[in-house]
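The structure appears right after this line, and notes come after that.
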């Protein structure tokens, strides 16, 4: 039975997905990419500050896919498209299969969107909620046109915001900047000023919840660890999926620079709703190759569309 | 069908899907617009906004009684618009008052809005912004 269901899924999916290249060929920019594999370090030395720690300062949007410097939306959900013929589940490390892409048949917008929604949910690395919350997770995901807390240009929050596009490492504190964006989710600009001076957290019960929480940072060898709590409940913690959290969520982010690459993971610990802590599949950002790179202005965000959406089709 | 064959189908599908990215928006396009129905209107530009999540073009259109009706058209991302030459008005971009004809996908809710597909200027220039939604 399960096998038959798999077969139906496969046939339906392939019918939806073959040959998106035709559409892409009609796009003039950016250049077509055939892989979302994380970039390899260039071999350049990792710069260090006077105290010997890696210097994470830089504009980390070198991949140019979006202002957050995230390789792309698919990598966020744990699939590595390594070439035209190799697709890998990043969490398990397993190849899904290796077959060439057919490039001769068109796919319409409706088919492309439905197929992309399926693809974003194929990765095996998923948070494990307590049984009583799965119905809510499914409801939120299915009704994300109304329920996604990032709708109407609200902040993505942490860790949904991913890798900051700019990091400034300034001795006793760090500045993280997350420009507003208009991609898969349309969000407002966020910034975080994170102490790196050895201070401890404010007791959780004394904090008013915020979108980015209270963050403190320390070094674990050459890895920067950012420890955050004190969140409100107005964010989801992954790009899609309806992954809500409680105000007791505790997030540990780890940043590791190797030359011109920055690898990031976030561990979400929320015993109120999760059965166990969940760690994102590592994401990699690339340093902007221009030494004088600056962040562009973050466009203002004004939501005009969701009020006209008439179905539950969603990402 | 064997497991290997199923895996093959899935992978062909998945690899193909990854390349569908450029059409992504913060909402489903076909949840808001009818990808099989076009609407064409002519009027003068009221406002050009390069904003997130989508840029917008507002056009003043006269109805049969001469009354001005505002139409709002969702456009591509600002970077794509600039790549098409839509920058400052003195470099070929748009400005309020320009007479234009817009071809757009019709809004499914019947409102005076749409997803801009083509823009024809009074000076004869034509811009096409998005791939054919039906992949043709």
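Chains as they are written, first to last, in the working numbering: chain A, 1 to 315; chain B, 1 to 136.
Glycine included, each C-beta is placed from N, C-alpha and C at the ideal position.
#### Entry: 8 Å Cβ cut-off: residues of chain B touching residue 215(A)
Those do not exist, as residue 215(A) stays about 25 Å from chain B at its closest Cβ, beyond 8 Å.
### Message
With three or more C-beta pairs closer than 8 Å as the rule, is the stretch 119-127 of chain B touching the stretch 85-103 of chain B?
### Response
yes
### Task
Check whether the stretch 300-311 of chain A touches the stretch 104-111 of chain B, counting contact only when three or more Cβ pairs, one atom from each stretch, lie closer than 8 Å.
yes
### Query
Which residues mark the beginning and the end of the alpha helix (DSSP H) in which residue 32(B) is found?
29-32
#### Entry: Option in 110(A), 226(A), 204(A) with minimal Cα separation from residue 265(A)
226(A)
### Task
Check the Cβ-Cβ distances between residue 70(A) and every residue of chain B, and say whether any is below 8 Å.
Only weak support exists for where residue 70(A) lies, its pLDDT of 41 falling under 50; the value from the coordinates is given anyway. False, the Cβ-Cβ gap to chain B never drops below 8 Å.
### Query
Can you give the Cα-Cα distance for residue 230(A) and residue 157(A), rounded to whole angstroms?
12 Å
### Task
Would you mind reading off the limits of the alpha helix (DSSP H) that contains residue 117(B)?
That residue, residue 117(B), is in no alpha helix (DSSP H); its beta strand (DSSP E) goes 113-121.
### Task
Give every residue of the same chain whose Cβ lies closer than 8 Å to the Cβ of residue 289(A), excluding the five residues on either side of it in the sequence, and list them in chain order.
62, 260
### Task
Tell me whether the beta-carbon of residue 257(A) lies closer than 8 Å to the beta-carbon of residue 54(A).
yes
### Task
Can you check the stretch 130-214 of chain A for any beta strand (DSSP E) of at least 3 residues that lies completely inside it and give the ranges in chain order?
166-169, 173-178, 190-195
### Task
Tell me, please, whether the CB atom of residue 316(A) is closer than 8 Å to any CB atom in chain B?
Summary: the structure shown does not reach residue 316(A), with chain A confined to residues 1 through 315, and so no result is reported for it.
#### Entry: From 254(A), 196(A), 248(A), 167(A), residue whose alpha carbon lies closest to that of residue 203(A)
248(A)
### Beta-carbon neighbours of residue 300(A), restricted to chain B and to distances below 8 Å
51, 52
### Query
residue 72(B) by DSSP, collapsed to three states: which one?
strand
#### Entry: residue 48(A) to residue 169(A) span [Cα, whole Å]
11 Å
### Task
Please list, in chain order, all residues of the same chain as residue 94(A) whose beta carbon is under 8 Å from its beta carbon, the five residues on each side excluded.
88
#### Entry: Pair within 8 Å by beta-carbon distance, residue 52(B) and residue 182(A)
yes
### Task
Look up residue 250(A) in the DSSP assignment and say whether it is helix, strand or coil.
strand
### Task
Just confirm the distance between the C-beta atoms of residue 84(B) and residue 50(B), as a whole number of angstroms; I'd bet it's less than 8 Å.
Their Cβ separation, rounded to whole angstroms, is 12 Å, which puts residue 84(B) and residue 50(B) out of contact at 8 Å.
### Task
Compare the beta carbon distance of residue 175(A) and residue 190(A) with 8 Å and say whether it is the shorter of the two.
no
### Task
Can you give me the start and stop residues for the alpha helix (DSSP H) that residue 82(B) sits inside?
78-83
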